[in-house]
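Sequence positions in the sequence shown follow our numbering and run 119 to 249.
Positions of the beta carbon are idealized from the N, C-alpha and C atoms, including for glycine.
Fair warning: this is a prediction, and the values are worked out from it, not measured in the lab.
In what follows, a structure is listed as structure tokens, so that the remarks can point back to it.
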Amino acid sequence: MTKILHLALARTSEAASDRLYVDLLGLERRREKQVDAGLCHALFGVARAHRLIDYAGDGVQFEVFLVPPGEQPPAGVAHVCLEIDGAAALLERCRAAGLEVREVVRGERRVTFIADEDGNLYEIKQATPAS
């Protein structure tokens, strides 16, 4: 089974993001964190840290990477996060097909992306068994 976990986009305005996702779409502003420059560079080719805000509700989640006003939003952070049964096998098939697989290990956590032939990014997470 494949499931979309979140969509990630870059925005230049926190206020405009709140207006769209909270006021217009009715989502909750759930979490805010800083994504460090090293991780942004390794995964997205963007060598600077970004603030990230999660907006979610009713089975949809957006990760919004904020950039300073006047700065062009980096295309490299936009991605779709997929939850996959058999993620390891998928990554091997992607490698065999010549797709780029980007993996970064942070302590006990592994962050994995694949890039398609057109440069679109897909974050891959292993589906957890239902309890």
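Margin query: Give me, in chain order, the residues of the same chain whose beta-carbon lies closer than 6 Å to that of L239; leave out the 5 immediate sequence neighbours on both sides.
Written below: H197, F231, A233
Next item on the list: Just list the alpha helix (DSSP H) runs in the segment 139-219, keeping only unbroken ones of 4 residues or longer that don't cross its boundaries, in chain order.
Entry: 155-162, 205-214
Item checked: Buried or exposed (CB count within 10 angstroms, at least 16 for buried), S249 -> Low confidence applies here, because S249 scores a pLDDT of 49, under 50, leaving its location unreliable and the question unanswered by this model.
Check: Residue range of the alpha helix (DSSP H) that A133 falls in?
Finding: 132-136
Next item on the list: Return the first residue and the last residue of the beta strand (DSSP E) that A233 is part of.
Entry: 227-233
Next item on the list: Using three-state DSSP, classify A126 as helix, strand or coil.
Entry: strand
Notebook entry, point to check: Short check: CB of D154 to CB of A167, under 7 Å?
Noted result: yes
Item checked: Simplified DSSP assignment, three categories, for T120 -> strand
Check: Can you give the Cα-Cα distance for G216 and D236, rounded to whole angstroms?
Finding: 13 Å
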